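Visitor: Got a structure here, written out as structure tokens. Questions coming.
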Ligand code: ADP
Ligand code: MG
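So this is what it looks like as structure tokens:
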């Protein structure tokens, strides 16, 4: 298959040739004809496989030439960096057309300059949801001519708390005969659910059924029985300041993030910050900037807070706990090993984490090698409460996966604290009651 087969116009074909694209990538092969035919599309394909051109080319085809001053198409992206990247694609592929786009984003983007550009008129807007609404609310933009809306990294947009802004935007832009498309490397089912309101019989394209992790990231894991031992191992690893020079430590919850952060500042290194959803946007971006500029060595983060942040050259990603959503494993470790650089992703796994890790291995289609805890690291006994919690959670998951599973506190013998033997026996037997049949 060639780009000529799509019946794109000469101007686009010339730009494609100049860009050095010889043939369409798999996502382009599937998405371009569907988008040209006017379908709504959900396109999923791994990072770096040309999703941008997959939506940009049909869009440029549809917009054809400069017309009026109101935007006729909108591309949303979660971060400033992505908006800029998409804008560059626009410039490259629209080179031989007279189409006009403006890029709207917050952060360093001067709103004054962006407003001037908006006043000059455009065919296409590429924007983060927040900045777009901001400018709209200043009565500087008419969004009623929008006939195409594309969300790039759609799962991140819908995950980053943009939901109210998206709903507001959907109310504003005309819904009549609008074509919508979502693209991303991962698209969890629950995100697809969120889109049901605005996608109409979408065609789903899925090029990578399994999420793929970069080859440049070396992955490994330690089996670590409990929180305390995880802390000990973390302390030990971080002693090697030279190789662990730019480290993100991921946790599932903000409580654990705070605990790890406190421990690190006290015992290991002053050069550490924490970001999670309870910190305000400013504190988060300051911490993140400090980390990016290597003013600090270690960043402790939850998945939610770290999503969409783009940083290169991370030496190590440490998963203090496996993420709640398996996709996030891919996102987490994608922060190291970028741009051809080598990176290392280390996971600390207790029994529960190990269970999830096996699932993650299936998702990424790879076995993650195990490493032994160095003998100098103190392996402490798991406190009774913590152990109970782990086993209970594990049982819960096993039961959910297999309704016939009856082994409540399966590991009872091995882990049992003798002091609490009787108490626990009673509790577990009541737990083991078979589920009521409906
Ligand atoms: P994604 O959004 O899927 O992560 P991008 O759209 O950013 O990927 O594309 C990754 C790189 O591949 C870009 O540099 C882009 O110019 C290039 N590219 C896109 N399509 C093709 C193609 N058909 N042939 C060669 N290179 C391509
Ligand atoms: Mg992309």
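Numbering (my numbering), first residue to last: 3 to 440. Where a beta carbon is used, it is the ideal one built from N, C-alpha and C, also for glycine. Please read all numbers here as calculations on a predicted model, not as lab measurements.
#1: Could you name each continuous alpha helix (DSSP H) segment of 4 residues or more that falls completely within the stretch 78-110, going from the start of the chain to the end?
#2: Check each candidate in 125, 75, 67 and 387 and name the one with the smallest Cα separation from residue 98.
#3: Is the Cβ-Cβ distance between residue 321 and residue 337 less than 8 Å?
#4: With DSSP collapsed to three states, give me the class of residue 29.
#5: Have a look at the DSSP bridge pairing and note the partners of residue 224.
#6: Select from 178, 134, 75 and 155 the residue whose C-alpha is nearest the C-alpha of residue 87.
#7: Is residue 287 helix, strand or coil when you go by DSSP?
#8: Under a criterion of Cβ closer than 6 Å to any non-hydrogen atom of the ligand MG, which residues qualify, in chain order?
#9: Please report the straight-line C-alpha distance between residue 17 and residue 301, rounded to a whole angstrom.
#10: Identify which residue in 81, 105 and 80 has its Cα closest to the Cα of residue 90.
#11: Helix, strand or coil for residue 205, going by three-state DSSP, please let me know.
#12: In chain order, what residues of the same chain lie with their CB nearer than 6 Å to the CB of residue 187, ignoring the 5 residues before and after it?
#13: Measure the beta-carbon distance from residue 226 to residue 351 and round it to whole angstroms, keeping in mind my assumption that it falls under 8 Å.
#14: With DSSP as the reference, label residue 360 as helix, strand or coil.
#15: Whole angstroms is fine: what's the gap from residue 266's alpha carbon to residue 101's?
#16: May I have the straight-line CA-CA distance separating residue 168 from residue 79, to the nearest angstrom?
#17: Buried or exposed, going by whether 16 or more other CB atoms sit within 10 Å of the CB of residue 378?
#18: Closer than 8 Å is the cut-off here; do at least three beta carbon pairs connect the stretch 167-181 with the stretch 135-149?
#19: Among 208, 165 and 207, whose alpha-carbon lies nearest the alpha-carbon of residue 199?
#20: Given residue 253, which residues of its chain have a CB within under 8 Å of its CB, disregarding the five upstream and five downstream residues?
#21: Measure the C-alpha to C-alpha separation of residue 182 and residue 115 and round it to an integer number of angstroms.
#22: Quick check: is any heavy atom of the ligand ADP less than 7 Å from the C-beta of residue 49?
#23: I'd like the span of the beta strand (DSSP E) that includes residue 253, first residue to last.
#24: Measuring only from the beta carbon, is residue 30 closer than 7 Å to any heavy atom that is part of the ligand ADP?
#25: Is residue 484 helix, strand or coil when you go by DSSP?
#26: By the three-class DSSP mapping on this structure, what secondary structure does residue 315 have?
#27: For the ligand ADP, I want to know if residue 96 counts as a neighbour, meaning its beta carbon is within less than 7 Å of at least one of the ligand's heavy atoms.
#28: Using a Cβ distance threshold of 8 Å, determine whether the stretch 382-393 contacts the stretch 227-246, with at least three qualifying pairs required.
#29: Using a Cβ-Cβ cut-off of 8 Å (strictly less than) and excluding sequence neighbours within five positions of residue 361, which residues of its own chain qualify?
Guide: Looking at the coordinates:
#1: Correct list: 82-95.
#2: Nearest to residue 98 by alpha-carbon distance, out of 125, 75, 67 and 387, is 67.
#3: Contact check for residue 321 against residue 337 fails: the beta carbons are separated by 8 Å or more.
#4: Looking at residue 29 - three-state DSSP - the assignment turns out to be helix.
#5: 350 and 373, per the DSSP bridge assignment.
#6: With distances taken between Cα atoms, residue 87 lies closest to 155.
#7: Residue 287: helix per DSSP, three-state reduction.
#8: Cβ-based neighbours of the ligand MG within the cut-off: 53, 54 and 154.
#9: Take the alpha-carbon of residue 17 and the one of residue 301: they are about 42 Å apart.
#10: Among 81, 105 and 80, the Cα nearest to that of residue 90 belongs to 105.
#11: Assigned with DSSP and collapsed to three states, residue 205 falls in strand.
#12: The residues are 48 and 49.
#13: Contact flag correct, Cβ pair sits at about 6 Å.
#14: In the structure shown, residue 360 sits in a helix (DSSP, three-state: H, G or I).
#15: Going from the Cα of residue 266 to the Cα of residue 101 covers about 52 Å.
#16: Whole-angstrom Cα-Cα distance: 11 Å.
#17: By the neighbour-count rule (16 or more Cβ atoms within 10 Å), residue 378 is not buried but exposed.
#18: Touching, yes.
#19: Comparing Cα positions, the closest option is 165.
#20: Hits under 8 Å: 259, 262, 302, 303, 304, 322 and 323.
#21: Cα to Cα, the separation comes out at about 29 Å.
#22: The answer is yes for residue 49.
#23: Unbroken beta strand (DSSP E) run through residue 253: 249-253.
#24: With a cutoff of 7 Å, residue 30 counts as near the ligand ADP, since its C-beta is closer than that to a heavy atom of the ligand.
#25: No answer is possible for residue 484: it lies beyond the span of the chain, which begins at 3 and ends at 440.
#26: Here DSSP, grouped into helix, strand and coil, assigns residue 315 to coil.
#27: Answer for residue 96: no, Cβ out of range of the ligand ADP.
#28: Under the Cβ criterion (8 Å, minimum of three pairs), the stretch 382-393 counts as touching the stretch 227-246.
#29: Its chain contains 328 as the residues whose beta carbon lies nearer than 8 Å to that of residue 361, once the 5 sequence neighbours on both sides are disregarded; these appear in chain order.
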